[in-house]
Amino acid sequence: MVDVGLRNPEPITEGTFDLSDILAHSTIKPSVPTRDEIDLQEEELIQGEAVVQECSNPPIFVTVSSPYEVEKARRDLPIIMMEQEIMEAIYENPVVILCGETGCGKTTQVPQFLYEAGFGTSNRLDRKGIIGITQPRRVAVLAAARRVSYELGLKLGKEVGFQVRHDKLVGSNCAIKFMTDGILLREIQTDSALKHYSVIILDEAHERSLNTDILIGMLTRVVNARKVET
């Protein structure tokens with residue numbers, strides 16, 4: 008669980024170490040490594056190469072052209088200070104519960120964090136697929152979609168889309184999709200693993216609507232199904 012709020016950073020103290028006295032009284036003796044030590048070094052080298060290969064994913068470049076007044080306003084939102092902590096929690100956990108006061112920026116900023124990190128636009132397996140956000144009310148869906156598309160400088164109906172009952176505006180290259188919880192429930196019926204999505208956000212889940220409660224149960228199965236596939 009990540010709690011969004013203002014916090015004062017703790018002071019960082021740095022230590023200075025003088026090695027001259029230690030080196031002056033030290034004697035370096037040559038030694039021949041044993042066979043066990045050589046085998047251990049080779050094993051550590053192989054493990055190190057494996058880690059490098061895992062971390063050698065190509066960098067992701069996402070172009071965002073936000074208006075100046077948007078960037079200025081974003082800096083005043085409490086959630087902006089928690090961006091790194093939120094993204095680290097998302098990278099390290101299949102499910103994250105995000106709590107924050109009304110107006111801190113959860114609804115509009117978290118989808119932008121994900122988009123700027125390459126979710127919805129990258130071909131990397133861990134980020135490939137649409138960023139899906141559900142809302143319990145259609146009015147909130149439309150308002151959030153318009154706001155996020157404006158703040159990112161993207162076109163509504165192209166990179167940012169929305170879908171509610173009897174109304175849909177989703178482009179073929181959609182990266183962020185806002186929808187009512189009922190829409191996502193219907194999609195699960197035909198795509199039990201939600202393979203078209205990289206991330207699902209259940210906004211206003213604390214309101215405990217019937218659709219949201221059912222979605223929480225269904226998404227538990229989706230998470231487990233994806234674990235089996237990977």
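Quick note: the sequence shown uses the numbering used here, first residue 8, plus one each step. C-beta atoms are modelled at their ideal positions from N, C-alpha and C, and glycine is treated no differently.
The region 137-150 / the region 183-203 touching (three or more Cβ pairs under 8 Å): These segments touch.
Own chain, CB closer than 7 Å to GLU211, minus 5 neighbours either side, in chain order: Start at 1 with the first residue of the sequence shown, and residue 211 comes out as number 204. Cβ within range, chain order: GLN142, PRO143.
Neighbourhood of VAL77 by C-beta distance below 6 Å, restricted to the same chain and skipping five residues each side: Translated into positions along the sequence shown, residue 77 becomes position 70. Only GLU158 meet the Cβ criterion.
N- and C-terminal bounds of the alpha helix (DSSP H) containing SER156: The count along the sequence shown starts at 1 and reaches residue 156 at position 149. Going by DSSP, SER156 is part of the alpha helix (DSSP H) stretching over 145-159.
Contact set for ARG193: own chain, Cβ-Cβ below 7 Å, skip 5 residues either direction: Counted from its first residue, the sequence shown places residue 193 at position 186. Around ARG193: no qualifying Cβ.
Environment of VAL58 [buried if 16+ CB atoms lie within 10 Å]: Position 51 of the sequence shown, counted from the first residue, corresponds to residue 58. Interpretation of VAL58 is limited by its pLDDT of 49, a score under 50 that renders its predicted location unreliable; the figure taken from the coordinates is listed afterwards. Label assigned to VAL58: exposed.
Selection from HIS213, LYS175, LEU222, SER179 that minimises the alpha carbon distance to THR109: On the sequence shown, position 102 is the one that residue 109 refers to. The shortest Cα separation from THR109 among HIS213, LYS175, LEU222, SER179 belongs to HIS213.
Closest by C-alpha distance to ASN130, when choosing among PRO101, SER156, SER72, ALA182: One-based indexing of the sequence shown puts residue 130 at position 123. Of PRO101, SER156, SER72, ALA182, the residue nearest in Cα terms is ALA182.
contact_flag[the region 114-126, the region 78-86] where n(CB pairs < 8 Å) is 3 or more: With a cut-off of 8 Å on Cβ pairs, the region 114-126 is in contact with the region 78-86, counting three or more such pairs.
Collapsed DSSP secondary structure at VAL235 in the structure displayed: Working through the sequence shown from its first residue, we reach residue 235 at position 228. Helix at VAL235.
Spatial distance of ARG215 from TYR204 (CA atoms): Numbered from 1 along the sequence shown, position 208 holds the residue referred to as residue 215. Numbered from 1 along the sequence shown, position 197 holds the residue referred to as residue 204. Straight-line Cα distance between these residues: approximately 23 Å.
Sheet register partners of THR141 (DSSP bridge): The residue given as residue 141 occupies position 134 in the sequence shown. Note: THR141 sits in a beta bridge opposite MET186, LEU209.
Identified DSSP bridge partners for LEU163: Your numbering for residue 163 matches position 156 in the sequence shown. Under DSSP, LEU163 shares a beta bridge with VAL167.
Coarse secondary structure for LEU105, derived from DSSP in three states: Within the sequence shown, the letter at position 98 stands for residue 105. DSSP places LEU105 in strand when its eight states are reduced to three.
Cutoff 6 Å; reference VAL206; Cβ partners in own chain excluding five residues on either side: What you label residue 206 is simply residue 199 of the sequence shown in a count that begins at 1. Correct list, in chain order: LEU121, PHE126, ILE138.
Length of the line joining the Cα atoms of VAL235 and TYR75: Here residue 235 is taken as the residue at index 228 of the sequence shown, counted from 1. Here residue 75 is taken as the residue at index 68 of the sequence shown, counted from 1. Going by C-alpha positions, VAL235 is about 44 Å away from TYR75.
Among GLU50, GLU90, TYR98, PRO101, nearest to GLY107 - alpha-carbon criterion: Locating residue 107 in the sequence shown gives position 100, counting from the first residue. Minimum Cα distance to GLY107 is reached at GLU90.
Same chain, Cβ closer than 7 Å to LEU191, five either side skipped, listed in chain order: Numbered from its first residue, the sequence shown carries residue 191 at position 184. Taken in chain order, the residues that qualify are GLY139, THR141, LEU222.
Pairwise C-alpha distance: ARG228 and SER179: On the sequence shown, residue 179 is found 172 positions in, with the first residue counted as 1. On the sequence shown, residue 228 is found 221 positions in, with the first residue counted as 1. Approximately 27 Å between the Cα atoms of the pair.
Proximity of VAL177 and GLU123 at Cβ, strictly below 8 Å: The sequence position of residue 177 within the sequence shown is 170, counting from 1. The sequence position of residue 123 within the sequence shown is 116, counting from 1. Taking 8 Å as the cut-off, the Cβ atoms of VAL177 and GLU123 do not count as close.
Sequence-distant residues of its chain with Cβ nearer than 7 Å to THR219 (five each side left out): Locating residue 219 in the sequence shown gives position 212, where the first residue counts as 1. Cβ within range, chain order: PRO143, ASP188, LEU209, ALA212.
Residues near ARG153 by beta carbon distance below 8 Å, same chain, minus five either side: Translated into the one-based positions of the sequence shown, residue 153 becomes position 146. Closer than 8 Å at Cβ, skipping near neighbours: LEU163.
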